[in-house]
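Going from the sequence shown to our numbering is simple: count from 1 and add 1088. The beta-carbon is built from N, C-alpha and C at its ideal position, and this holds for glycine as well. One structure is given below, encoded as structure tokens.
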Amino acid sequence: MSHDMHPRFPEDFLRPDDRVPLEGLDESFVFDYDTYADELGEGQRWSRWEDLEALMRGPEPRPDWVVTSSGAIDTDLGVLKTGKEADVFLLERADPHDPDGAVVLAAKRYRDTDHRTFHRAAAYTEGRSMKRSRDERALKRKSTWGRQVAAGEWAISEWDALRRCWELGLPVPYPVQIDETEILMEWITHTVDGEVETAPRVAQVRPERAVVEGYYDQLRDALATMVQSGIVHGDLSPYNTLAAGDRLVIIDLPQVVDLVGNPRGMDFLLRDCAHMCAWFRSRGLDADEQELFGELMAHAF
């Protein structure tokens, strides 16, 4: 090939000049990026949102407060409540580059069976089936793996119940994600003197008559929706319902049972009615569990 066949470049091609480095570059190829810290502080972890499968994340459409950034950090804020089978912590999820978008969540963490005091599991799990026979055998043998499966099964049961109830429009916390035996969900709050606080249990409040009546209407509608869908809370009481201002919120759903598939489904429903009606009567409302139960049966069949 002759020298003349080589391409000719402008004389200043390899000489430095005053041109802007990105001059003439298509802007669609230009992007900004932010760096994140390599190390986290005590009680912190990276959000695993991006690592989770679709069914391990909350249902869509998601509330706009849900933080989905892959750079978000979860920071433990302390214990909110201890329970029979799980403890609930407060956890802040925030992207360091978007501090205004930070959100506080409730993190429910189930214990294994060696550290739980909930002894009525068999009555609630009648009619349920394990997805894998190996897990079922491990549960029966009460092996180490079986204990882990048991903890996971209760977490999965509550996760499935939360998703289902949310999609039915029921007053439950929004389920954000499940990861092994931990469920992250909406932190239910109310405002007192301008300060945001954890909503108290219904058993702890003495609201005005109008609020009590509103709670009863909300409870009746929620239970009707549940039985129409063939499910029963199974352990409903003033201790696992929250008073979020004028709004009643139902929590603690791992033991949700099938109204018909569980032999004691209707017994559980009547007991739920009795526990709640007793509280309403104590607050001056004429609430009868048999009447409520009969009304719900009319919705169920």
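- Taking 8 Å as the upper bound for CB-CB distance, residue 1173 and residue 1242 are in contact here, some 6 Å apart.
- Taking a contact to require three or more Cβ pairs closer than 8 Å, the region 1307-1315 and the region 1291-1298 do not qualify as touching.
- The beta carbon of residue 1132 sits closer than 6 Å to those of 1161 and 1163, all from its chain and outside the five residues before and after it, given in chain order.
- Residue 1333 is classed as exposed because its beta carbon has fewer than 16 other beta carbons within 10 Å across all chains shown.
- The beta carbons of residue 1371 and residue 1260 sit about 23 Å from each other, so the pair does not count as a contact at 8 Å.
- In the three-state DSSP reduction, residue 1274 falls in the strand class (E or B).
- The beta carbons of residue 1363 and residue 1338 sit no closer together than 8 Å.
- By the Cβ rule, the region 1178-1195 counts as touching the region 1146-1162, because three or more pairs are nearer than 8 Å.
- The Cβ neighbour count for residue 1348, taken over all protein chains shown within 10 Å, is under 16; the residue is labelled exposed.
- Residue pairing by DSSP places residue 1172 in no beta bridge whatsoever.
- Secondary structure at residue 1130: coil, using DSSP grouped into helix, strand and coil.
- When the five nearest sequence neighbours on each side are left out, the beta carbons in the same chain lying within less than 8 Å of the beta carbon of residue 1165 are those of 1177, 1178, 1179, 1180 and 1192, in order along the chain.
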